[in-house]
Amino acid sequence: MKDYAEYQGYTDIRGSHDAIRKALQIGLIEDKRWMETIEDRNLTSHNYDDDVASEIYENIVLVYYPLFCRFEERMLCISENGTR
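Quick note, the working numbering runs 44 ahead of the 1-based positions in the sequence shown.
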């Protein structure tokens, strides 16, 4: 997301939050649940709670993996067609 946004001329992207916000803003992605991926990633840093870990695992399988699959499809379409 960051690389694509920078390729499009956006240079104000510092981290994952900025990259996702910019991708949402320019229509590269549409699902606001992308922001939850960052929140859950941050929760895993020092998590020793099995319930939280199980919830994050479930989010990865049921929510985030499909988001990444759609993003991959979107990027493949862009690379093949040159359109957003």
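Where is the CB? At the ideal position from N, CA and C, for every residue including glycine.
Predicted model only: the values in this text are computed from it and were never measured.
Does the separation of the CB atoms of residue 103 and residue 97 fall below 7 Å? no
Below 8 Å CB to CB, which residues in the same chain sit around residue 67 once its five sequence neighbours on both sides are set aside? 45, 48, 49, 73, 78
Compute the distance between the beta-carbons of residue 75 and residue 106, then report whether it is under 7 Å. no
Please report the distance separating the alpha-carbon of residue 125 from that of residue 94. 44 Å
Out of curiosity, what's the CA-to-CA distance linking residue 61 and residue 81? 10 Å
Which residue marks the beginning of the alpha helix (DSSP H) containing residue 119, and which one marks its end? 109-125
Would you mind stating whether residue 63 and residue 57 have Cβ atoms separated by less than 7 Å? yes
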